[in-house]
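Q: According to this note's numbering, the stretch in the sequence shown is residues 50 to 196, in order.
Below you'll find the structure I mean.
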Amino acid sequence: MTTNLNKPFGIGLTNKMNLINILNLPIIDFYGIGKSLAEKLKTLNIYYIKDLYARNIEDLSLVEVFGTTAYKYLDALKFDKYEEIIPEIKKSKVIGHESSFENINIPQEEVLKRLKEIVALVSNRLRYSSLVSNTINVKARIQSKKW
Numbered sequence: 050m051t052t053n054l055n056k057p058f059g060i061g062l063t064n065k066m067n068l069i070n071i072l073n074l075p076i077i078d079f080y081g082i083g084k085s086l087a088e089k090l091k092t093l094n095i096y097y098i099k100d101l102y103a104r105n106i107e108d109l110s111l112v113e114v115f116g117t118t119a120y121k122y123l124d125a126l127k128f129d130k131y132e133e134i135i136p137e138i139k140k141s142k143v144i145g146h147e148s149s150f151e152n153i154n155i156p157q158e159e160v161l162k163r164l165k166e167i168v169a170l171v172s173n174r175l176r177y178s179s180l181v182s183n184t185i186n187v188k189a190r191i192q193s194k195k196w
């Protein structure tokens, strides 16, 4: 992830195949570099990503601008090493189901029947995910989305 090329819909990955295209981009297009940091880098004659790419991690002027994260920015442009990208799988914090009733005048038996169906669906999802809950929230509303 080294450029803002895919914003706002995603983050692009910089690799050996597209490095040439990325090196000629302005430094502000480098992922994580905003206006303020770009201005500081320009004082070091770093106007393009290729200018940063040419720098050495031991360059103390970079440490002055970036602080302790200087290595992170330079490391993102180095392709000498192999890194496997492991996507993080996020667990859902909420498991639920909702159903809207067509109108307010529904027989109580119908409401209870629908609630039992919803409970069964949520219960199956919890079981499938090997989760347990201490609390179950129930919200009921009519078709017009009014509670």
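All C-beta atoms, glycine included, are put in the ideal place defined by N, C-alpha and C.
Hey, how far is the Cα of Lys-188 from the Cα of Tyr-177?
A: If I take the Cα positions, the gap works out to 23 Å.
Q: Measuring straight from C-alpha to C-alpha, what distance separates Ile-106 and Ile-95?
A: For Ile-106 and Ile-95, the distance between alpha carbons rounds to 14 Å.
Q: For the alpha helix (DSSP H) containing Ser-110, list its first residue and its last residue.
A: Where Ser-110 is concerned, the enclosing alpha helix (DSSP H) stretches over 109-115.
Q: Roughly how many angstroms lie between the CA atoms of Val-112 and Arg-104, to the nearest whole one?
A: Approximately 11 Å, taken between the alpha carbons.
Q: Could you check where the alpha helix (DSSP H) with Ala-169 kicks off and where it finishes?
A: Unbroken alpha helix (DSSP H) run through Ala-169: 157-177.
Q: In this structure, how does DSSP classify Tyr-80 when only helix, strand and coil are distinguished?
A: Here Tyr-80 sits in coil by DSSP.
Q: Does Tyr-96 come out as helix, strand or coil in the three-state DSSP assignment?
A: It is coil, neither helix nor strand.
Q: Would you call Ile-76 buried or exposed, if buried means 16 or more other Cβ atoms sit within 10 Å of its Cβ?
A: Counting Cβ neighbours within 10 Å, Ile-76 comes out buried, since at least 16 surround it.
Q: Here's the rule: buried if 16 or more other CB atoms are within 10 angstroms of the residue's CB, otherwise exposed. What is Tyr-122?
A: So Tyr-122 ends up on the buried side.
Q: For Tyr-230 and Thr-117, what's the separation of their Cα atoms in angstroms?
A: No answer is possible for residue 230: it lies beyond the span of the chain, which begins at 50 and ends at 196.
Q: Ordered along the chain, which non-local residues of its own chain (more than five positions away) have a Cβ less than 7 Å from that of His-146?
A: Closer than 7 Å at Cβ, skipping near neighbours: Ile-167, Leu-170, Val-171.
Q: Below 8 Å between beta carbons: does that hold for Leu-86 and Ser-110?
A: Result no, Cβ atoms of Leu-86 and Ser-110 do not sit closer than 8 Å.
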